[in-house]
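**Student:**
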Amino acid sequence: MDTEVGLREEADAAYRRVTLDPVRYAGAAEVTLRRARSGSDVEALVAALRAAAWARHAALDNEGARTLLDQAVRLARRHGLARRLGEVLVTRAVALHELGRYDAAARDLRLAEPLIDPADRPDLRLQLAVLDHNRGRIVAAAQAYRELLDDPRCPPIVLVKAANNLANAQTLLGRPHEALVHLDRAAVLADDLGPQLPAVIANSRAWSSFHAGRLAESVRRFEEAGRLHAAAGLPLGEHLLEYADVLRDLRLLDEAMAAARSAAADFERHGARLMAAEARLRVAHVAVELGDPATALGEAEAAVRDFRRQRRPAWTARATVAEAEALAARDGYSPEVLRRLRKAAATLEGLGLRAEAAYAHLAAGRAALALSRRAVARAELTAVGGLAEGQSLLVRLRGRLARALLAEAEQSSDVLRECVRGLRDLARHRAALPSLELRVLASGHGAELGEVGLRRLLPAGSPSSIFEWLERTRAAALLRVQPPATGVDDDVIALRGIAQELRVARLERGEEPAVLLNRQSALEARIRRRSWAGDDPAGETDPAGVAGLRRALDGEWLVEYAVSGDRVLAVVVEPKRIRIVELGALDPIRQEAGALMFGLRRLLHGTRFSAVAHGAARDAVEALTRLLITPIGTPPDVPLVVVPSAHFLGMPWSALHPAPVSVSPSAALWARARRTPPKGPPDDAVRTRVAVVAGPDLTGALAEAQAVAAAHPGARTLLPPESTVDATIDLVKDADLAHLACHGLFRSDSPLFSALELSDGRLTLYEMLARGVAPHRIVLASCNSGAQRSYGGNEVLGFVGAMMSNGSAGITATDLPLPDGACAGCMAVLHERISRGDSLASAVWHARQSLADGGPEQYVAWCGLTAYGPG
């Protein structure tokens, strides 16, 4: 008898341990189960089966857990072990719930209630609340969690779980600050309950922090939660699922998709059908935003089927919204799409899920507008505004957009007011983001508000009001005041080393080893994630006003291009007036720009059709001049400042106007750069005002560097192998003028990893920003150095935007690939003009004249060489 009692106690102890630290004690639970199977004590065997089953549940093997628990139930019933039967039924309910078998889980809990010991009732009440929670009955679940927290008999492990779940419910109900209070208390208790619960609490704190507007803190907490999950040996599925939500709201859509797909695969592999359906829904939502309706529709339809089977109406409604949006993206709006969206929105609102309901009502309102159902649109869009009040900033933005769309449909004067309020909210959200990349992406949340406001202004708005609206919605992320440089970390140095190893491999073996590429990707991912969790930034500078801009222009003209629908317009700021010029349809401009790029690429390849390509390129330049410049009426001898629409990236602006041209992402950024003073004389002899750097593997760069230095007495020059990253940064960081002749790499997938090739590796934009590199003027004699990637909300990012945001007043660059040595002569002219005191725009104009009568490569350089900013 003593042996049997000892084995029961061992089995009970195994269960307690495995609930706190399943990874550590799973093996011991299996040992106890084997001992119990070989013995004769049925009660000990039932208890051991429960312990081993919990370990499998914690590893997401809920099917395996259910199999063990089924055995335990049969044994307990056969031998009349009522209390043990109650315990096992509660545990089996957890596994069944994770398998998506809601009815079976609820039945087990009902059967267990009269059987279990009073001390175990809090656990049963917790599981009943979780069933309500996952069905979408959030308010009822939250009340049950509160009652558990107020129960003095509630054991610590149930208290922590109840507090964590209550925090999740409060966040869903729009009260994330209250959620964080509960999570802070739960974290203290969780520290003494093994490694699993602290990891779960950390993840919840990250998720609630994001919805409370603590954006940088949220990302830091998610990174910490990921480490805690790994240290505890926990599956990463739930961590990735909630991180995917935050990544999606940060508009890091590729990363959100990767996290959601990884979570889905994890859950599917373990048969966790409850969570797998939630992961599928995340994939569907992100696919809609990525413009992939086929994937979105397939995943949403599968999620709808699963949620219906699991009897989860809230989740079914969420998935129905994604399904309807995917159908609309693929086939256009239809009455059936509208019906589904309205029904889902009503369900979510009825369950108290205000943020989710606001999203669904907004989708329904858009559908109603598209179908000319004005009364329905009014009801749906009005509902969004009410639901969004008091919610997180991004939900409030949906409310502003809904009110703006409704005002536009009803031709009300409230359109601009709602758009302005929304964009002000967005500016506050953007200002709280710690990295340039995140701020650029965040502007996409306001893209539709910007478009609605522009549509409202165009018919009767004054040119000044239209110009100021464009400035409010253009390259706003680049206007942030830069914080002090933070320096460089070990990962950045390691990344530089790998880039150097890849360069050597390319030169020696003509290949890039996969192992190095994988290490490079891993380091880049770590560096990016760390930048998302940096310190909160300073604020943004104000957009440009017409009067101040005109003073900064000092006689020059400025033209800012915009696209509304398929029509192109220009706002022209002259010394004494401002006006709007309609330029016609977008497609002819795109066609001519495409023809020009095709011709220039053929010229660079030196084919036997070069003469034909040269003629075609000239024809395209003339056509673009007629379409974009001639209607503006700029005098041929007046310098022109061009602020392009994101639709016109890569346009050869210098080639379209006969006088000097400078380009800028926004007029405000150009005006701010105009106010930026030169660096002035250095404080010590090591620093120089003019710095010249040549990179490796470019024979022409050596001669170019020597010619440039000759134009600036006292200039310091770095040539290979001395032109290392550290030496280059030390030389150019505070230079008045920096010239860098080296290979350039533009990364459209991640522009801040665009880089310049130096003697010991790549100098990335990340490192330049981190180390405060901002010469007053920069000449980038590098391929593709002027290339930019466009983002939602009229944002752009590349060397030009990043360096102007960081404080540089002027940059000379090209977004075309240029052969080694093709620009050596014109660079000498450029620097000779700079040494005379010319602006970069004027110096570029003179330098291009020296290329006018050259061959194909010189013509490409003539087209591509561009001055950015007023420097």
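Each residue of the sequence shown is one higher than the last, beginning at 164 in my numbering.
We treat Cβ as the ideally placed atom computed from N, Cα and C, and that holds for glycine.
Here's the rule: buried if 16 or more other CB atoms are within 10 angstroms of the residue's CB, otherwise exposed. What is Glu737?
**Tutor:** With 16 or more other Cβ atoms within 10 Å, it is buried.
**Student:** First and last residue of the beta strand (DSSP E) that includes Glu958?
**Tutor:** Element bounds for Glu958: 958-961.
**Student:** Pairs of beta-carbons, one from the segment 365-377 and one from the segment 329-349, closer than 8 Å: are there three or more?
**Tutor:** Counting Cβ pairs under 8 Å, three or more are found: they touch.
**Student:** Taking the beta carbon of His242 as the centre, do at least 16 other beta carbons fall within 10 Å, making it buried, or is it exposed?
**Tutor:** Under this definition His242 is an exposed residue.
**Student:** With Ile1043 and Tyr929 assumed to form a contact (beta carbons below 8 Å), what rounded beta-carbon distance in angstroms separates them?
**Tutor:** For residue 1043 there is no data in the structure shown, the boundaries of the chain being 164 and 1034.
**Student:** Rounded to the nearest angstrom, how far is the Cβ of Asp355 from that of Pro398, given a contact under 8 Å?
**Tutor:** Actually they do not touch by this definition, with Cβ atoms about 23 Å apart.
**Student:** In terms of alpha-carbon separation, which member of Leu550, Ala214, Thr195 lies closest to Arg179?
**Tutor:** The shortest Cα separation from Arg179 among Leu550, Ala214, Thr195 belongs to Ala214.
**Student:** Taking the beta carbon of Val578 as the centre, do at least 16 other beta carbons fall within 10 Å, making it buried, or is it exposed?
**Tutor:** When all chains shown are included, Val578 counts as buried.
**Student:** Taking only three categories from DSSP, how would you classify Val853?
**Tutor:** Of the three classes helix, strand and coil, the one that applies to Val853 here is strand, per DSSP.
**Student:** For the beta strand (DSSP E) containing Thr927, list its first residue and its last residue.
**Tutor:** From DSSP, the beta strand (DSSP E) with Thr927 extends over 924-927.
**Student:** Do you know how far the Cα of Ala423 is from the Cα of Gly454?
**Tutor:** So the alpha carbons of these two residues sit roughly 16 Å apart.
**Student:** So, Leu766 versus His777, is the Cβ gap smaller than 9 Å?
**Tutor:** In this structure, His777 lies closer than 9 Å to Leu766 by Cβ.
**Student:** In angstroms, rounded to a whole number, what distance separates the CA positions of His768 and Arg781?
**Tutor:** Going from the Cα of His768 to the Cα of Arg781 covers about 17 Å.
**Student:** Take Phe761 as the anchor and find which of Leu231, Gly813, Val539 has the nearest alpha-carbon.
**Tutor:** Among Leu231, Gly813, Val539, the Cα nearest to that of Phe761 belongs to Gly813.
**Student:** Grouping DSSP H, G and I as helix and E and B as strand, with all else coil, what is Leu791?
**Tutor:** Helix at Leu791.
**Student:** Are the CB atoms of Gly1017 and Trp1008 within a distance shorter than 9 Å?
**Tutor:** For Trp1008 and Gly1017, no; Cβs fall outside 9 Å.
**Student:** My parser needs the alpha helix (DSSP H) runs of 4 or more residues fully inside the segment 261-341; what are they?
**Tutor:** List check, alpha helix (DSSP H) in window: 265-275, 284-298, 301-312, 319-335.
**Student:** Please report the residue range of the beta strand (DSSP E) in which Tyr109 lies.
**Tutor:** Residue 109 lies beyond the range of the chain shown here (164 to 1034); nothing can be said about it.
**Student:** State the Cα-Cα distance for the pair Arg517 and Gly553, rounded to the nearest angstrom.
**Tutor:** Distance between the alpha carbons of Arg517 and Gly553 is about 10 Å.
**Student:** Please report the straight-line C-alpha distance between Arg1011 and Ser968, rounded to a whole angstrom.
**Tutor:** Whole-angstrom Cα-Cα distance: 27 Å.
**Student:** Can you give me the C-alpha to C-alpha distance between Ala305 and Asp313, rounded to a whole angstrom?
**Tutor:** If you take the alpha carbons of Ala305 and Asp313, they lie about 13 Å apart.
**Student:** Using only the alpha-carbon positions, how far apart do Pro318 and Glu261 sit?
**Tutor:** Roughly 23 Å separates the two Cα atoms.
**Student:** Within 9 Å of any Cβ in chain B, is that where the Cβ of Leu732 sits?
**Tutor:** Protein chains in the displayed structure number just one, and chain B is not present.
**Student:** For Gly907, which residues does DSSP report across the bridge?
**Tutor:** Paired residue(s): Leu919.
**Student:** On the CB-based measure, 16 or more other CB atoms within 10 Å of its CB, does Gly673 come out buried or exposed?
**Tutor:** By the neighbour-count rule (16 or more Cβ atoms within 10 Å), Gly673 is not buried but exposed.
**Student:** Rounded C-beta distance between Gly1032 and Ser827? I'm assuming under 8 Å.
**Tutor:** Confirmed, Cβ separation roughly 6 Å.
**Student:** Taking DSSP's pairing of strands, which residues face Tyr1031 in a bridge?
**Tutor:** According to DSSP, Tyr1031 bridges with Val826, Ile974.
**Student:** Buried or exposed for Glu519, going by 16 or more other Cβ atoms inside 10 Å?
**Tutor:** Looking at its Cβ environment, which holds 16 or more other Cβ atoms inside 10 Å, Glu519 is buried.
**Student:** So, under 8 Å CB-CB, Ala491 and Ala466 are touching, yes? Tell me the CB distance rounded to an integer number of Å.
**Tutor:** 17 Å between Cβ atoms; not a contact.
**Student:** Starting from the C-beta of Val849, find all residues in its chain whose C-beta is less than 6 Å away, skip the five residues before and the five after it, and write them out in chain order.
**Tutor:** Unreliable positioning characterises Val849 in this predicted model, as indicated by a pLDDT of 42, which lies under 50. A coordinate reading is not provided.
**Student:** Which value, in whole angstroms, describes the spacing of the CA atoms of Glu462 and Leu642?
**Tutor:** Roughly 39 Å separates the two Cα atoms.
**Student:** When every heavy atom of the ligand COA is checked, does at least one fall within less than 8 Å of the C-beta of Ser911?
**Tutor:** Annotation note on the ligand COA: not contained in the displayed structure, which lists no ligands.
**Student:** So, using beta-carbon positions, are Leu238 and Val209 closer together than 9 Å?
**Tutor:** Yes. Within cutoff.
**Student:** Mark Arg730 as exposed unless 16 or more other C-beta atoms lie within 10 angstroms of its C-beta, in which case mark it buried.
**Tutor:** Arg730 should be labelled exposed.
**Student:** Inspect the beta-carbon positions of Thr1029 and Thr975 and report whether they are closer than 9 Å.
**Tutor:** Yes, Cβ-Cβ distance for Thr1029 and Thr975 is below 9 Å.
**Student:** When the Cα of Ser971 is compared with those of Ala874, Ala836, His994, Ala639, which residue comes out closest?
**Tutor:** The shortest C-alpha separation from Ser971 is found at Ala836.
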